[in-house]
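Here my numbering = 1-based position in the sequence shown + 69.
Built from N, CA and C at the ideal position, the CB exists for glycine as well.
Each remark here refers to the structure printed beneath this line.
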Amino acid sequence: MVVKAANIPLAKQILTDLLQAAKIQSMREIYNRVRPGPDGRIRTVLSPVATITGRFASKGTFLEHSTNLQNIPKKTAKLNPLFDIRTVMVPDPGTVLMEADLSQAEARATAAFSGDVKTLDLFESGADIHKVTAGMIFDVKPEAVSSTQRHLGKMARHALNYGMGWKRFLEAVNSDADLTGVAINASTARGIVESYHRANGPLLRWWRSIEDAVRKQGYLENPFGRKLVFIEKRDVNSAIAFLPQSTIADHLNGRLRVIYDELDPDPFMLLHQIHDAVLGQVSIRQWRSVARRLRTLMEAPIQINSTSLLVPADVSVSSHSWGEMKEV
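Right under this line is the structure:
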């Protein structure tokens with residue numbers, strides 16, 4: 070079937086339906102994967118050696134009923150409540166689920182590595198970083214930024230720090246257009262990437278220093294001593310991403326050990342690690358005091374060059390399910 074370019078509403082409807090069908094199929098597959106074992110529990114296996122950054126990889130194993138629990142989608146839940154797979158994961162009776170999430174951790178680490186004092190100050194001030202980013206991209210005051218512009222500013226902040234080109238940025242924005250209602254063309258994507266680069270001189274200089282380090286010494290080393298050795302040529306983007314990603318991964322893994330030693334299993338039973346967050350459950354009677362202590366344990370400074378970076382932790386709880394967490 071050929072759709073003429075002049076029939077734009079029909080083309081949009083067909084594309085929306087195709088995206089919806091693909092998401093439905095993906096959700097069906099995930100629901101099948103997360104079926105609980107005979108005891109009613111869903112399990113995963115976390116591997117600390119499956120990535121170059123030190124991030125835990127979640128997967129299933131033939132030894133027992135288990136699956137990947139780090140790829141449970143959150144964005145798709147906004148499209149349809151049936152897609153909110155996290156709502157099937159509930160706490161034990163008498164407990165609440167509690168999650169502590171490092172706030173915008175990699176973006177903060179990237180600013181520290183690049184020596185971007187202005188962006189670090191913005192994070193510290195509590196300003197809406199995505200509105201500020203959109204303001205720089207679209208040359209408007211932050212208070213005049215529209216919701217669409219803010220969404221694109223957020224996408225730019227998360228996607229363009231590691232050298233992503235305009236074509237991949239275009240795909241990243243448009244792949245969620247059925248959820249966000251925001252779609253862009255190639256010209257807009259190029260303009261956003263170029264504007265983001267112009268507004269982030271320290272970032273571009275840091276990229277060049279990464280390339281120089283890889284070329285001259287053949288490895289990168291993060292503040293925790295983790296090295297990535299370049300035996301052969303690697304994608305430059307993966308080299309740029311290594312330092313922030315591995316630094317936050319090693320920081321969180323260290324925090325996991327502290328939390329385990331001090332709080333697990335009573336009063337806080339660790340259940341899962343999800344990239345920049347930890348999930349556990351705690352007695353309903355104790356959740357307020359545990360939330361305060363958990364936040365304190367997560368918020369330890371990271372020394373990045375001359376910057377002592379403190380990444381704040383957002384703590385959320387729910388007595389209903391993992392899909393209905395509320396920040397406290």
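Annotation note: the region 145 to 212 contains the following uninterrupted beta strand (DSSP E) runs of length 3 or greater, listed N- to C-terminal: 164 to 171. E133 is bridged by DSSP to T130. Here T202 is buried, its C-beta having at least 16 other C-beta atoms within 10 Å.
Here V262 is buried: its Cβ has 16 or more other Cβ atoms, across all protein chains shown, within 10 Å.
Nearest to R177 by alpha-carbon distance, out of T316, L325 and I121, is T316.
Apart from sequence neighbours up to five positions away, the residues of its chain that approach M158 with a beta-carbon distance below 7 Å are I111, S390 and W391, ordered along the chain. In the displayed model, S358 falls within a helix according to three-state DSSP.
Listed in chain order, the non-local C-beta contacts of S216 below 6 Å within the same chain number zero, local neighbours out to five positions each way being set aside. Going by DSSP, E98 is part of the alpha helix (DSSP H) stretching over I77 to R102.
A Cβ-Cβ contact shorter than 7 Å links S387 with M394.
Apart from sequence neighbours up to five positions away, the residues of its chain that approach L88 with a beta-carbon distance below 6 Å are D247, ordered along the chain. Look at the beta carbons and you see the region 257 to 271 touching the region 214 to 232: at least three pairs across the two are nearer than 8 Å.
Counting C-beta atoms within 10 angstroms of its own C-beta, R354 has fewer than 16 neighbours from the protein chains shown and is therefore classed as exposed. Under the DSSP assignment, Y288 falls in the beta strand (DSSP E) whose first and last residues are Y288 to E290. Distances from the CA of V186 to each of P381, S377 and D333 were compared; the closest alpha carbon is that of S377. For L221, no beta strand (DSSP E) encloses it; the enclosing alpha helix (DSSP H) starts and ends at S216 to A228. Residue pairing by DSSP places E396 opposite S385 in a beta bridge. With respect to the C-alpha of A318, the residue from E290, A196, V251 and E175 having the closest C-alpha is E175. Remark: fewer than three beta-carbon pairs, one from each stretch, lie closer than 8 Å, so the region 281 to 294 and the region 84 to 100 are not flagged as touching.
The Cβ atoms of L166 and Q342 lie no closer than 7 Å to each other. The count of Cβ pairs closer than 8 Å, one atom from the region 269 to 283 and one from the region 247 to 261, stays below three, leaving the stretches out of contact. By DSSP's assignment, S377 forms a beta bridge with Q372.
Excluding five sequence positions before and after Q218, the CB atoms of its chain that fall closer than 7 Å to its own CB belong to A203 and F207, given in chain order. Counting only residues of its own chain and dropping the five nearest sequence neighbours on each side, G184 has a CB closer than 6 Å to the CB of P271. A check of alpha carbon separations from L171 across L325, V251 and V214 identifies L325 as the nearest. Under DSSP, K296 forms a beta bridge with E290.
The beta carbons of N322 and F182 sit about 19 Å from each other, so the pair does not count as a contact at 8 Å.
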